[in-house]
Structure formats: structure tokens, C-alpha cells
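Note that our numbering numbers the sequence shown so that position 241 is 247, with each residue one more than the last. Every residue gets a Cβ at the ideal spot worked out from N, C-alpha and C, and that includes glycine.
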Amino acid sequence: MMAIIRLFLSLFLLLPLSFAQGQVLLEEKNVDPLESINRPLFALNNGLDRFLVKPVAQVYHAVMPDVGERGVGNFFANLYDFNTTINALLQWRLEGAMQSGSRFLVNSTAGFLGFIDVATPMGIRPFRTDFGQTLATWGVGSGPYIMVPLFGPRTMRSGAGTVVDLYLAPQVYFVDDTRIRNSLFALEIVDLRARLLKAEELISGDRYIFVRDAYLQQRKVLLNDGVVEDSFLDSEDDDWDEDF
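Pasting the structure below:
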């Protein structure tokens, strides 16, 4: 797993991130200038999902009690609160940092390492951001939409953010055993895929286009702090507040 992460990091270090004053590399009306490359990579990911990830997720969902599945999901959401706290600070969003930091502290202690979400009933709602949004706040343009092997849909900016978020994950620093750390990453992927099993039924038409447009819209919503815009197919640009 760490070898894959290093490969992913190397890929994005070779890609230009100096988009002056938030200039986006793709044309405004072309959300997918690399489609000829992205579609084969999507087919590769789809094959891996069909024959490996999805079957494992189906078994996991079948044998794991609902309470256990919720607990695992809560555990990883709690780890994400740690990342969110750091990114909120980097964005100078102090209220969000306090909110996510409070959730992490409360759930990590009273919630038994986050397996039980006790923060939400206390009125401490989730606050979501990531390093992709941090880059957007710093004026980095989104870059083209790309399909990354194993990691799925990204833009240049959110992909670079994913690399940083992987290295900001608390398990990287607090879990010394590499096998346990990699097992946690694998479990997170399986748990996420299990939670998407029902949502998969919503996919219709061209699967590639559906996934692409859904991802770009999700990134826009994140950057806009949950405000949904009318246009579904606009490219993500610097007015959104930007993540398996």
C-alpha cells in the first residue's frame, strides 16, 4: 500500500501545480480534456473493482453486523476529523478547526477511539474539508479531470491533495507496525466500497460520464460549503470550497 502511495506521490510531483492566480488548465466548457486517457484507466479501475474490491466489500457487508459496520465507519470518520482540523487551520478557518478538533477529541476518548459517535448528539456537527480545498484556498487552479489507477476520479488539484492527506492521516504517525497500518488503509477502502453498494444502483447510462460528473459536482459542493449550484456540468473552479 505504501509503495502505491509513493507512486501516486511521484506522479503528482511530476505534474505542474503552479497554476497562476487560480488559472484552470482545462477550458471552461471542456471538463474532461484527457478523456482518451481517462477512459482506459477507468476501465482498469472498473475491472479491479468488479473482480476484487466489490466482492470483498459484499462479503464484508454480509458478515459484518450493522452496528459493527457503523462503528468502523465512525472510526475512519474520526480519523478524517484529524485531517480536517489541520486543513481548516491551513485555510485559516478557525471555527471549522475548533469544530473538527473538538469532534476528534471527544470521539477519540468518550467514543472509544471514534467507534461511537458521541460528538454529534452533543451538537458538535461534522465539518468537512481536505488539502485539495486548502490548495484552492491558496489560489491553485483545479487542473484537468484525471482518472488515477486504484484511487479513482480526481482533478489535478484534488489528486495532489489526496497525496498530502494520506501522509497527514494519524495512523501514519501513531501506528508503527507497517502491516497494521496498511491493513487499516485496506479496511477503509473495503468499508467505503461496502457503503457504496446501494448507491451503485443509481448509476445509469454511460458509467464513465456518470462517475465523472458526480465527482466534479461533489467537489463543487464541498468548495461551496454545501451550496449546490444549478449547473451540474460546470468545471470545478476556484469558487468551490474543496476528500476512499
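Taking a cut-off of 8 Å for Cβ pairs, the stretch 35-52 and the stretch 142-149 do not touch, as fewer than three such pairs fall below it. Taking C-beta separations shorter than 7 Å and ignoring five residues to either side along the sequence, the partners of alanine 63 in its chain run Val196, Arg199, Ala200, Leu203, following chain order.
The stretch 49-61 and the stretch 96-106 do not touch, with fewer than three beta-carbon pairs separated by less than 8 Å. For arginine 160, the enclosing beta strand (DSSP E) stretches over residues 158-161. Remark: C-beta atoms of proline 155 and leucine 47 approach each other more closely than 9 Å.
Selection Met162, Ser148, Asp136, Ser210 evaluated against alanine 175 yields Asp136 as nearest (Cα-Cα).
The beta carbons of serine 106 and threonine 91 sit about 5 Å from each other, so the pair counts as a contact at 8 Å. Taking each of Asn89, Phe81, Gly149 in turn and checking the Cα distance to glycine 117, the smallest one comes out for Phe81.
DSSP places valine 181 in the coil class of the three-state scheme, outside both helix and strand. Taking the Cα positions, arginine 225 is about 9 Å away from threonine 161. Straight across, the Cα-Cα distance linking arginine 56 with aspartate 72 is about 23 Å. By the C-beta density criterion, methionine 128 is exposed, having fewer than 16 other C-beta atoms within 10 angstroms.
Taking 8 Å as the upper bound for CB-CB distance, glycine 138 and glycine 167 are in contact here, some 3 Å apart. Per DSSP, the unbroken alpha helix (DSSP H) holding methionine 104 starts and ends at 100-115. Counting the other Cβ atoms within 10 Å of the Cβ of phenylalanine 180 gives fewer than 16, which makes it exposed.
A distance below 9 Å separates the beta carbons of glycine 102 and phenylalanine 133.
Nearest C-alpha to leucine 40 among Met153, Glu194, Tyr86, Thr115: Met153.
Our two residues, lysine 60 and leucine 208, have alpha carbons roughly 16 Å apart in a direct line. Here the alpha carbon of serine 42 sits roughly 21 Å from the alpha carbon of serine 210.
DSSP places valine 217 in the helix class (H, G or I) of the three-state scheme. The DSSP-derived three-state label of valine 65 is helix. Rounded to the nearest angstrom, the Cβ distance from leucine 85 to glycine 120 is 7 Å, consistent with a contact under 8 Å.
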